[in-house]
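**Q**
In the working numbering, the protein residues as written are 2 to 575.
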């Protein structure tokens, strides 16, 4: 056995800065910044970062850094006020960027020095030997995009566009000549505006809506960026010469990389031509050591965006997340896990970013998902250890945040808002007024936190998890071959290097324990150069009460695994 692969087992912690540091518990739906409060860069402080480091985190994804459209008024800072009719929520969406060369003023203690405060946060992150990831939103911008602090000589997006034509490779936007943009029916505007919103000619909307009348379910607050694809003419491409947008977006990435950013989570990356990424990413990497993560939902494009687009990592949402969600909800079949590595991502597992929560998805503990956060235990172990790729947590996941409120624009839908000024109750208990010591958690919440910490530690310490090979055991373990083995709810596999063998046994049944036999086939022992008739020992690495024993390679391991249970056995020759 040998493994010479580099370690891709990043442990990424996603946090929304304005919620992460907000200590105000008295918040109200559609509340203003003054009423509901916000976290700031200063809340991502030494105490917080040390806590994350101890928890096992390697990378911090701070969401909502770059200046986006908001209903708050910062005109005293020379920032033009946004029209509330084209903003979602009082706070606004972090994915409706207003100025690519600035940070949000409300994230600074002194908004005049907001960039310096961001840079100080970057230094704090690096001082703890952590790395910083921020969002890059390449597909669309806020409808009233305008950079008031762009570097000398930089032209704004749209500056110099020929707005009288629907498409030109040199335009940054797509236009609808002769048409006025119409605000969708049903848009709630809680802040008064003296003048109605005016946009003429109308620009295409971010989710590929080439109409002046998007509906309320579209990304009506954004405008689509033009990378040289003529969508109205069968997506004809115009990539030679290089379109103007390509240069502007590359330079934005270089600007943020120069600030010490270590990685970019690229929003809706597959809505941007893969040719752009293949051109741009190598240029950024030639100057800076940075990682690129693609938010992508089409498995048919995975290989394309890795090998041609040059991305380091891809979201594994349509695949492992969807499969594990079904199991956590008490439906589904573990056979789908086998299908994923066999048919979808087994040969690129080191590039697949696994998660069970993020800002787009419903919280595990919400009434719209699993309700009980403990139902995530086997799913989280599979997410963390099945492959060599990175792992991501969303702040509050580790203590069972249910996202039970209707925050304002974000309705009661089991998601933590990205649009509103708000508080995250379970997270506030862990944050404990800035001590970040979990001082307000109850015993059950602390136990859940400790579980996540133990899995993180396993990912950090285990060579087999970080760089080892994968061996699926389902083909020799089923109702017919292994007594008591529930092949609908139980999933077992090995991770191994020449120095370590780990056996993972999970039970996704939410109510029932299992007494079962788990077999390891002769083929595996021969594959790794060990005696297929030898005697071996096993001990559990995850549970507080250690489970251990011995077995002969030709025989099964007898286990009793509880509902939502997990065993991680290290196997050694006896």
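Ideal placement from N, C-alpha and C gives every residue a C-beta, glycine not left out. Since this is a predicted model, take the numbers as computed values, not measurements.
Would residue 213 and residue 85 be called neighbours here (beta carbons separated by less than 8 Å)?
**A** no
**Q** Can you grab the Cα-Cα spacing for the pair residue 450 / residue 511, in whole Å?
**A** 20 Å
**Q** Output yes or no for whether 8 Å exceeds the beta carbon distance between residue 270 and residue 329.
**A** no
**Q** Hey, how far is the Cα of residue 536 from the Cα of residue 56?
**A** 36 Å
**Q** Tell whether a beta-carbon distance below 8 Å holds between residue 533 and residue 13.
**A** no
**Q** In terms of residues, what are the limits of the alpha helix (DSSP H) holding residue 447?
**A** From DSSP, the alpha helix (DSSP H) with residue 447 extends over 444-462.
**Q** Under three-state DSSP, which class holds residue 211?
**A** Three-state DSSP puts residue 211 in coil, outside helix and strand.
**Q** How would you call residue 486, buried or exposed, if buried means at least 16 neighbouring beta carbons within 10 angstroms?
**A** buried
**Q** So, at 8 Å on beta carbons, what are the nonlocal neighbours of residue 65 in its own chain, with the 5 sequence-adjacent residues on each side left out?
**A** 17, 18, 19, 95, 105, 108, 136 and 419
**Q** Determine the closest residue to residue 185 out of 453, 514, 216 and 346, with distance taken between C-alpha atoms.
**A** 216
**Q** In the DSSP output, which residue or residues are listed as bridge partners for residue 267?
**A** When beta bridges are read from the DSSP output, residue 267 appears opposite 137 and 295.
**Q** When DSSP builds the beta bridges, which residues end up paired with residue 503?
**A** Paired residue(s): 496 and 571.
**Q** What are the start and end residues of the alpha helix (DSSP H) that includes residue 428?
**A** 426-432
**Q** Among 434, 470 and 251, which residue has its Cα nearest to the Cα of residue 140?
**A** 251
**Q** Are residue 101 and residue 338 close, meaning C-beta to C-beta below 8 Å?
**A** In terms of Cβ geometry, residue 101 and residue 338 do not form a close pair [threshold 8 Å].
**Q** Would you mind reading off the limits of the alpha helix (DSSP H) that contains residue 19?
**A** From DSSP, the alpha helix (DSSP H) with residue 19 extends over 18-21.
**Q** From what residue to what residue does the alpha helix (DSSP H) around residue 52 run?
**A** 47-56
**Q** Are the Cβ atoms of residue 541 and residue 569 separated by less than 8 Å?
**A** Contact flag set, yes.
**Q** Which one of 190, 89 and 67 has the shortest CA to CA distance from residue 147?
**A** 67
**Q** Taking its Cβ as the centre, do 16 or more other Cβ atoms sit within 10 Å of residue 480, making it buried, or is it exposed?
**A** exposed
**Q** Can you grab the Cα-Cα spacing for the pair residue 565 / residue 508, in whole Å?
**A** Near 5 Å, if we compare the C-alpha coordinates of residue 508 and residue 565.
**Q** Applying the 10 Å Cβ sphere with the 16-neighbour rule, what's the burial state of residue 572?
**A** buried
**Q** For residue 408, which residues of its own chain have a beta-carbon under 7 Å away from its beta-carbon, when the five flanking residues on both sides are left out?
**A** 30, 418, 421 and 423
**Q** Which of the three DSSP states is assigned to residue 232 in this structure?
**A** helix
**Q** Measuring straight from C-alpha to C-alpha, what distance separates residue 440 and residue 434?
**A** Answer to the nearest angstrom: the Cα atoms are 9 Å apart.
**Q** Rank 575, 574 and 11 by C-alpha distance to the C-alpha of residue 292 and give the top, closest one.
**A** 11
**Q** Are the CB atoms of residue 295 and residue 315 within a distance shorter than 8 Å?
**A** yes
**Q** Quick check on residue 559: does DSSP put it in helix, strand or coil?
**A** strand
**Q** How many Å lie between residue 230 and residue 224 at the Cα?
**A** 15 Å
**Q** Who pairs with residue 64 in a beta bridge, going by DSSP?
**A** Among the bridge pairs identified by DSSP, residue 64 is matched with 17.
**Q** Runs of 3 residues minimum, wholly inside the stretch 73-126: which ones carry the beta strand (DSSP E) assignment?
**A** 98-104
**Q** Grab the span of the beta strand (DSSP E) containing residue 373 for me, first residue to last.
**A** It is not in any beta strand (DSSP E) - residue 373 carries neither H nor E in the DSSP assignment.
**Q** Which two residues bound the contiguous alpha helix (DSSP H) that contains residue 287?
**A** 275-288
**Q** Excluding sequence positions up to five away, which residues of its chain have a Cβ less than 6 Å from the Cβ of residue 118?
**A** 42 and 109
**Q** Applying the criterion that 16 or more other CB atoms from any shown protein chain within 10 Å of the CB defines a buried residue, is residue 124 buried or exposed?
**A** Classification for residue 124: exposed.
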